[in-house]
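So in numbering that gives the first Met the number 0, spot 38 of the sequence shown is number 37, and the numbers just go up one at a time. Note that the Cβ used here is the ideal one computed from N, Cα and C, for glycine as well. Please read these numbers as outputs of a predicted model, since none were measured by experiment. As structure tokens, the structure follows; a few thoughts come after it.
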Amino acid sequence: MKIHFAAVLLLFIVMSSLGMAVSLKGGQPFIKTNTIGDFQKVCLDSLKRLPGNVSKTALDVACSQAKVLEGCYSVEGHPIYHFQPKSKQTANQNRILVIGVMHGDEAEGGSVARRWMERLTRLQSRNKWRIIPTLNPDGLKMKTRVNANGVDINRNFPSADWDALAHKYWISKKNKDPRRNPGPSASSEPETVCAVRHIEDFAPHFIVAIHTPYGVLDFDGPKVKAPMFPGIPWVSLGTFPGSLGRFMWKGKGVPVLTVELKGAKLLEQIDQMDLLQDVAGTLAIKVKKTKKKLKNSL
């Protein structure tokens with residue numbers, strides 16, 4: 000046992016000196032590389048496996064800019080990378096954070112995020128975008144809604160009412176459905192912690208979370224006239240303890256647009272995916288103007 004511990008300690012020291020993060024998983028050393036080139040390869044390999052067509056040239060450009068915030072690794076140690084294209088700074092520029100594959104069995108959300116990444120490599124956007132195409136890489140690999148710990152990331156955000164209501168709601172309303180397990184405590188999961196770090200680091204004015212399969216645009220934010228998008232109605236489904244909408248809109252006043260795709264049909268229509276990004280950007284601008292008017296009227 001002493002020899003084993005000494006070997007692990009030596010491995011930790013050596014790997015740390017080489018710029019690699021080392022953690023213990025199940026009593027065994029688990030190595031997480033911090034090399035930029037590795038992030039880019041993970042970005043390319045993982046996004047190419049998602050459904051739908053890929054623009055190889057554009058994706059190469061996007062993934063060449065992939066980064067990982069400190070500590071942004073999944074339970075199994077996979078890097079949770081993001082893409083933030085360079086944009087011309089303007090006085091009233093909106094910062095928009097996009098999150099795909101929060102639930103691992105919703106791969107199409109990552110496909111849309113990938114398309115938006117590709118598009119932003121050749122556009123000069125009005126807004127400043129940061130895209131996390133795959134927040135739950137372990138769930139994606141296992142094809143499960145939950146992460147590797149069996150926790151629903153969208154019930155694990157640290158909303159103000161998490162301690163009082165998260166488990167109560169899960170038990171009384173969802174009959175302890177394992178697909179909606181909120182976890183042992185708020186922000187108990189590394190994927191949730193990563194998302195919160197992005198929120199703190201990027202300070203978004205607007206958040207887009209891409210999901211499936213309900214076929215609606217669910218908006219948590221101030222009352223505004225929503226831009227038209229053919230085939231998908233606008234609704235307000237409300238928020239839940241530990242959900243991103245409850246944490247950000249109810250808790251911090253940052254609007255959240257939850258895009259609920261219906262199947263993979265949208266992936267066959269590239270112009271529709273592009274339009275959906277434009278709709279999100281336009282809504283972000285409208286919301287910011289509305290919030291400014293409300294603030295000035297007080």
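Is it true that the CB of residue j sits closer than 7 Å to the CB of residue i?
i      : j      : result
Ala185 : Pro240 : no
Val207 : Val60  : no
Ala65  : Ile209 : no
Ile130 : Phe205 : no
Ser110 : Leu266 : yes
Asn126 : Val100 : no
Gly103 : Thr143 : yes
Ala57  : Thr133 : no
Leu68  : Arg245 : no
Lys47  : Val53  : yes
Gln268 : Trp115 : no
Pro212 : Lys140 : no
Ser171 : Ser124 : no
Leu274 : Val255 : no
Look up residue i in the DSSP assignment and say whether it is helix, strand or coil.
i      : result
Phe301 : Examination of residue 301 is not possible in this model, given that the chain is present from 0 through 297 alone.
Leu324 : Summary: the structure shown does not reach residue 324, with the chain confined to residues 0 through 297, and so no result is reported for it.
Gly250 : helix
Gly280 : helix
Arg94  : strand
Val258 : strand
His102 : coil
Arg48  : coil
Arg196 : helix
Val359 : Because the chain spans 0 through 297 in this model, residue 359 falls outside it and cannot be assessed.
Ile206 : strand
Pro157 : coil
Lys85  : coil
Val111 : helix
Pro78  : strand
Near residue i, which residues of its chain fall below 7 Å by C-beta distance, leaving aside the five closest residues on each side in sequence?
i      : result
Asp217 : Val234, Ser235, Leu236, Thr257, Glu259
Val298 : Since the first residue of the chain shown is 0 and the last is 297, residue 298 is not available in this structure.
Asp160 : Pro240
Leu49  : Ala106, Gly109, Ser110, Arg113
Thr281 : Pro226
Ala283 : Asn93, Ile95, Asn126, His204, Phe205
Lys173 : Arg179
Which residues in the same chain as residue i place their Cβ atom closer than 6 Å to its Cβ, once the five residues preceding and following it in sequence are excluded?
i      : result
Val192 : Ser186
Ala147 : Val74, Glu75, Asp137
Ala225 : Trp233
Val278 : Pro226, Phe228
Thr347 : No answer is possible for residue 347: the residues shown for the chain start at 0 and end at 297.
Gly319 : The requested residue 319 does not occur in the structure, where the chain is confined to residues 0 to 297.
Thr89  : none
Phe38  : Ala65, Val67, Pro78, Tyr80
Arg43  : For the sequence presented, residue 43 should be read as Leu rather than Arg. Correct list, in chain order: Cys62.
Go to residue i, then tell me how far its alpha helix (DSSP H) extends in each direction, as first and last residue.
i      : result
Thr56  : 55–63
Leu139 : 136–141
So, for residue i: in the same chain, excluding its five sequence neighbours on each side, which residues have a beta-carbon less than 8 Å away from its beta-carbon?
i      : result
Asn180 : Val145, Gly149, Val150, Asp151, Arg154, Trp169
Phe4   : Annotation note: pLDDT 42 at Phe4 (below 50); position unreliable, coordinate value reported separately. Contacts found: none.
Lys287 : Asn91, Asn93, His204, Phe205
My understanding is that residue i touches residue j, with C-beta atoms under 8 Å, so please give their C-beta distance in whole angstroms.
i      : j      : result
Phe201 : Arg94  : 6 Å
Ser158 : Gly70  : Ser158 to Gly70, Cβ: 21 Å. No contact.
Asp270 : Trp248 : About 30 Å; that fails the 8 Å criterion.
Trp128 : Pro84  : 7 Å
Is there at least one non-hydrogen atom of the ligand NAP closer than 6 Å to the beta-carbon of residue i?
i      : result
Pro240 : What this structure holds is no ligand at all, so the ligand NAP is not there to describe.
If I follow the unbroken beta strand (DSSP E) through residue i, where does it start and stop?
i      : result
Ile170 : Here Ile170 belongs to no beta strand (DSSP E); instead the alpha helix (DSSP H) covers 161–173.
Val223 : Run containing Val223: none; DSSP gives neither H nor E here.
Arg129 : 127–131
Val74  : Here Val74 belongs to no beta strand (DSSP E), and DSSP marks it neither H nor E.
Val215 : 215–219
Consider the Cβ of residue i: report whether some Cβ of chain D lies at a distance smaller than 7 Å.
i      : result
Arg154 : This model lacks chain D altogether, as it is built from one protein chain only.
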